[in-house]
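Asks:
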Amino acid sequence: MRWCRFEAGGHVRYGIVEDETHVTAVDGSPFDTYQVTSTHYALSDVKLLAPVIPTTFYAGGLNYPVHNQWWADYSGSKLSNRTEPGIGYRTQNAIIAHDEAIVKPRGASDEFQVEGELVVVIGKTAKHVSKEEALNYVLGYTIGNDVSQRTWQIEDGSLWRAKNADTFKPMGPWIATGLDPNNLDTTVRINGEVQIQFNTQDMIFDAATHIAQISRYSTLHPGDVIWLGSEGATPNMKPGDVVEIEISGIGTLRNPVVAEA
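For the sequence shown, the residue numbers in the UniProt record's numbering are 1 to 261.
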């Protein structure tokens with residue numbers, strides 16, 4: 001099943017995507033009780049919104065081996081050799097939806113990069129869950145672009161603007177259920193040209209490990225998200241580009257890039 005959050009006729013609601021061409025509206029949400037309605041829309045006639053606005057937005061860092069090595073070389077930092085996931089936070093202001101524009105801020109350098117990521121969407125409250133039971137708390141999975149301004153990331157020594165500026169977190173186009181998060185192909189394209197391809201089986205710490213680790217210390221709530229990192233040397237993007245991130249079983253997240261006015 002594929003859940004989307006959309007706007008039609010001035011109303012925001014959840015729906016079930018049918019064959020990537022139509023949406024059947026529901027009363028309620030996938031995080032609570034819901035009722036499937038008889039109202040149908042062509043997907044082209046609705047505005048897709050970010051599939052969820054999380055209470056808490058977690059992000060796993062340096063979670064693929066090649067990207068881990070690339071970042072150490074690029075930044076001159078020590079190669080990460082963690083025995084547990086490195087967990088960070090992102091901010092709601094950065095979230096945009098499928099087809100909305102990524103804005104390159106004034107003053108940002110050309111080191112303005114794409115990170116295609118699998119995103120876990122939590123479906124029910126989780127606290128002190130084991131790795132073995134962790135995936136039972138997942139509603140489904142969506143796609144994220146962890147837009148990163150590398151110059152700021154190095155200069156600031158933090159991520160407050162390098163990863164959390166407005167429009168830096170495209171997410172969508174919908175939430176897919178029933179997937180194996182440990183075997184999904186990811187393809188990043190800029191203007192139709194493939195930049196990176198990898199499979200989620202190469203993650204250093206898988207989705208279940210992240211869920212178990214976070215829930216030891218922080219309660220996970222329905223609608224919370226966990227971004228699971230990207231692989232490879234992440235490519236630059238520039239105004240005028242169109243960025244696509246495709247993950248098997250989910251679909252394609254597409255966003256144009258523009259310069260800040």
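For every residue, glycine included, the Cβ atom is placed at its ideal position computed from N, Cα and C.
This one's a predicted model, so the numbers in the text were calculated from it and none came from an experiment.
Around the C-beta of residue 47, are 16 or more other C-beta atoms found within 10 angstroms, so that it is buried, or is it exposed?
Replies: Residue 47 is exposed by the Cβ-count criterion.
Asks: Could you spell out the range, first to last residue, of the alpha helix (DSSP H) harbouring residue 73?
Replies: That run of the alpha helix (DSSP H) goes 65-75.
Asks: Would the segment 157-171 count as touching the segment 94-101 if we require 3 or more Cβ pairs under 8 Å?
Replies: Because the criterion of three Cβ pairs below 8 Å is met, the segment 157-171 and the segment 94-101 touch.
Asks: Would you mind giving the Cβ-Cβ distance between residue 234 and residue 148, rounded to the nearest angstrom? I have them listed as a contact below 8 Å.
Replies: Going by Cβ atoms, the distance from residue 234 to residue 148 rounds to 7 Å, so yes, they are a contact pair.
Asks: How far does the alpha helix (DSSP H) with residue 216 in it reach, from first residue to last?
Replies: Residue 216 -> alpha helix (DSSP H) spans 207-217.
Asks: With distance defined between alpha-carbon atoms, name the residue in 131, 68, 83, 33 nearest to residue 216.
Replies: Nearest of 131, 68, 83, 33 to residue 216, Cα basis: 131.
Asks: What are the boundary residues of the beta strand (DSSP E) that residue 186 is part of?
Replies: Here the beta strand (DSSP E) through residue 186 covers 185-190.
Asks: Say whether the segment 84-92 touches the segment 31-41, bearing in mind that this needs 3 or more beta-carbon pairs closer than 8 Å, one atom from each stretch.
Replies: These segments do not touch.
Asks: Can you tell me whether DSSP reads residue 3 as helix, strand or coil?
Replies: Residue 3 falls in the strand class under three-state DSSP.
Asks: Which first and last residues belong to the alpha helix (DSSP H) in which residue 153 is found?
Replies: Unbroken alpha helix (DSSP H) run through residue 153: 150-156.
Asks: Can residue 181 and residue 207 be called in contact, C-beta distance under 8 Å?
Replies: A contact, by the Cβ cut-off of 8 Å.
Asks: Looking at C-alpha atoms only, which residue of 49, 70, 185, 195 is the closest neighbour of residue 10?
Replies: When each option's Cα is compared against that of residue 10, the closest is 49.
Asks: Just to confirm, are residue 1 and residue 178 a CB contact at a threshold of 8 Å?
Replies: Yes; because the gap between Cβ atoms is below 8 Å, this pair is in contact.
Asks: Which residues share a DSSP beta bridge with residue 102?
Replies: Partner(s): 257.
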